[in-house]
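Student: The structure follows.
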Amino acid sequence: MTDQVIKIASDMTTAKSALTKIPDPCTIVIFGASGDLTQRKLMPALFSLACEGLLPEQFNIVGVARSDMNHEAFRDHIKKGVSAHSRLKPKGENWDNFAKRLFYVPLQYDEPAGYKNLSDFLNHIDQDVGGACNILFYLSTPPLLYPVIPQMLGQVGLLHEADGHWRRIIIEKPFGHDLASAIALNHTLHEVCQEEQIYRIDHYLGKETVQNMLVFRFANAIFEPLWNRNYIDHVQITVAETVTLGSRAGYYDTAGVLRDMFQNHIIQLMTLTAIEPPAELNATSLRDEKVKVLKAIRPIKPEEIKQQTLRAQYRTYRDEKGVAHRTRTATYAALKLYIDNWRWRKVPFYLRSGKALADKVSEISIQFRHVPHLMFPQVNGQLLPPNVLTLTIQPNEGMHLTFETKVPGAGMRTSSVDMAFRYERDFGKDTLPDAYERLLLDALQGDASLFTRSDEIELAWKVIDPILKGWDEPTAPSVHFYESGTWGPSSADAFIENDGRKWFQTHVME
Ligand code: BG6
Numbered sequence: 208m209t210d211q212v213i214k215i216a217s218d219m220t221t222a223k224s225a226l227t228k229i230p231d232p233c234t235i236v237i238f239g240a241s242g243d244l245t246q247r248k249l250m251p252a253l254f255s256l257a258c259e260g261l262l263p264e265q266f267n268i269v270g271v272a273r274s275d276m277n278h279e280a281f282r283d284h285i286k287k288g289v290s291a292h293s294r295l296k297p298k299g300e301n302w303d304n305f306a307k308r309l310f311y312v313p314l315q316y317d318e319p320a321g322y323k324n325l326s327d328f329l330n331h332i333d334q335d336v337g338g339a340c341n342i343l344f345y346l347s348t349p350p351l352l353y354p355v356i357p358q359m360l361g362q363v364g365l366l367h368e369a370d371g372h373w374r375r376i377i378i379e380k381p382f383g384h385d386l387a388s389a390i391a392l393n394h395t396l397h398e399v400c401q402e403e404q405i406y407r408i409d410h411y412l413g414k415e416t417v418q419n420m421l422v423f424r425f426a427n428a429i430f431e432p433l434w435n436r437n438y439i440d441h442v443q444i445t446v447a448e449t450v451t452l453g454s455r456a457g458y459y460d461t462a463g464v465l466r467d468m469f470q471n472h473i474i475q476l477m478t479l480t481a482i483e484p485p486a487e488l489n490a491t492s493l494r495d496e497k498v499k500v501l502k503a504i505r506p507i508k509p510e511e512i513k514q515q516t517l518r519a520q521y522r523t524y525r526d527e528k529g530v531a532h533r534t535r536t537a538t539y540a541a542l543k544l545y546i547d548n549w550r551w552r553k554v555p556f557y558l559r560s561g562k563a564l565a566d567k568v569s570e571i572s573i574q575f576r577h578v579p580h581l582m583f584p585q586v587n588g589q590l591l592p593p594n595v596l597t598l599t600i601q602p603n604e605g606m607h608l609t610f611e612t613k614v615p616g617a618g619m620r621t622s623s624v625d626m627a628f629r630y631e632r633d634f635g636k637d638t639l640p641d642a643y644e645r646l647l648l649d650a651l652q653g654d655a656s657l658f659t660r661s662d663e664i665e666l667a668w669k670v671i672d673p674i675l676k677g678w679d680e681p682t683a684p685s686v687h688f689y690e691s692g693t694w695g696p697s698s699a700d701a702f703i704e705n706d707g708r709k710w711f712q713t714h715v716m717e
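Read the sequence shown against my numbering and you will find it ends at 717, with the numbers running on by one and no gaps.
Take a look at the structure:
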């Protein structure tokens, strides 16, 4: 790392602490507190924020779930999760200070009495410990409870904002099962609170590298003039995972890869790649621009399902515990989408994602057009490889730009080289906080920029719904199969090669 880069990196760290606003005194109430997400992500994130001094002096965390547990048992349970999953380990004073702010309230989600009890408990810690007037509710429960819990909270007045105190609610994905259910859920929520109180979380938006897409595009002058149909041939977005189902068959077999990964994470990545520069960096401006892109995505017509979508299952999926016999649920999909606006007209976006693939990697690659005229002779009139810009979301977070150079020596032979930027190399190891740290802090600060607004959610479903419907038709293209540990079915190669293009090799191994 050069001295200059070190200086920039250290300036940024200083600037970060100076710029971070500490949230108001508050209580965080987590529904589904005995579950996996709380253990693996939420508590480790809150613990890291507390250790870094980013939480207010007066804050409490109340875990809520069905199991019977006292505060001490809950603290022990959470300590195990934090030990296993937090980037900062629970030791000494840091843990003791955090642990004494953890409480547990058992509750049956559909029984009003439990919510009255919760409300009394929140009043009680408000008086005893201080800080419960502002409340952030986090719904980390099975999705069936998303309409139930807010209604119950509404009935006991817990979502009512008064005397300058805020009440916010974070809702995990999946937000709805299709367009109709997402509209219904929005409707139910709007009966008990304002849109501004609702934070629909998509953890991909909390990833540093995803936020960097905005900085990359709008803080550099050199790429923006090229960022359109005149210079870009196509865009590829790959979100590949090595994991299979784990213990999530009950959810996954009814969701499949389209609902699990495309409707939210991948459509968000596509939207951020394509948006126009917002006038200001705030929740309204940013989300307004995202909505414009979502409105312009051309829905796939029934007769286009065969050419523009492909679905597959890893070969052993049907043997997994809990999946339906002869299930047709897709664990892999590839889509070709278009955005009908001036910037992107006729530029295909190829999206692919799957489980049980060869590597875990998320990348966005932008392939620029070939040079218009080639004066360097090529074997058999071949074209030179075009420039490709890759934003590596994870792992090995960074960027790559390939371009042509002359091979040293006689003649005019050319070769592609890679210019790379790596977060780890330039900013140091372990500088990337977990996405949940960023998102929880933003919600506590009342910044909804990285959360999804109701219209965004519905528009994303409008893109996915026709594909789900098309796949349910008797004439639907068949489900392909692929071996675990590969890059998907061979038909996925044909899918893009039919357009004269190829999937890029990912940068995961570098
Ligand atoms: C979740 C999906 O939203 O994202 C999971 O439900 C998936 O199926 C996960 O494994 C991937 O997230 P990440 O951050 O590991 O890429």
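Just so it is clear, CB atoms sit at the ideal spot from N, CA and C, and this is done for glycine as well.
#1: Taking 8 Å as the threshold, find out whether the region 416-424 comes into contact with the region 466-484 through three or more Cβ pairs.
#2: Given this structure, state the Cα-to-Cα distance separating F344 from L309, to the nearest angstrom.
#3: Is the beta carbon of V568 less than 8 Å from the beta carbon of T713?
#4: Cβ-heavy atom distance between S726 and the ligand BG6 below 7 Å?
#5: Assuming contact is defined by CB atoms lying nearer than 8 Å, are T478 and K497 in contact in what I supplied?
#6: Whole alpha helix (DSSP H) runs in the region 620-692 with 4 or more residues, listed along the chain?
#7: Can you name the start and end residues of the beta strand (DSSP E) that N267 belongs to?
#8: I want to check one thing, is the minimum distance from the CB of E570 to the heavy atoms of the ligand BG6 below 7 Å?
#9: Would you mind sorting R374 into buried or exposed? The rule is 16 or more other CB atoms within 10 Å of its CB.
#10: Let's see if you can read the secondary structure: which residues bound the beta strand (DSSP E) around G605?
#11: In this structure, how does DSSP classify S255 when only helix, strand and coil are distinguished?
#12: In the DSSP assignment, find the unbroken beta strand (DSSP E) run with V363 in it and report its ends.
#13: Secondary structure at Q585, three-state DSSP: helix, strand or coil?
#14: With distances taken Cα to Cα, identify the nearest neighbour of P313 among N304, S492 and V271.
#15: When DSSP builds the beta bridges, which residues end up paired with C400?
#16: Using only alpha-carbon positions, find the residue among V686, S293 and P681 that is nearest to D637.
#17: Just how far apart, CA to CA, sit I429 and Q418?
#18: Could you check which residue in I377, V289 and G453 has the C-alpha nearest to that of D526?
#19: Taking 8 Å as the cut-off, does the region 381-394 touch the region 662-670 (at least 3 CB pairs, one atom from each stretch)?
#20: The ligand BG6 and D467: does any heavy atom of the ligand fall closer than 7 Å to the residue's C-beta?
#21: Would a C-beta distance cut-off of 8 Å place L261 and L596 closer than the cut-off?
#22: If you check the beta carbons only, do V355 and R535 fall under 8 Å apart?
#23: Candidates P593, I268 and D566: which alpha carbon is nearest W694's?
#24: Within 8 Å, do at least three Cβ pairs link the region 670-677 to the region 507-517?
#25: So for D327, helix, strand or coil by DSSP?
#26: Please report the residue range of the alpha helix (DSSP H) in which D547 lies.
Tutor: Based on what the coordinates show:
#1: yes
#2: 15 Å
#3: yes
#4: Any property of residue 726 remains undetermined from this structure, which presents the chain solely from 208 to 717.
#5: yes
#6: 630-634, 642-652 and 661-679
#7: F266 to A272
#8: no
#9: buried
#10: G605 to K613
#11: helix
#12: No beta strand (DSSP E) holds V363; DSSP gives it neither H nor E.
#13: coil
#14: V271
#15: Answer by DSSP bridge pairing: none, since C400 is not bridged.
#16: S293
#17: 19 Å
#18: G453
#19: yes
#20: yes
#21: no
#22: no
#23: D566
#24: yes
#25: helix
#26: Segment: none, D547 is in no alpha helix (DSSP H) and carries neither H nor E.
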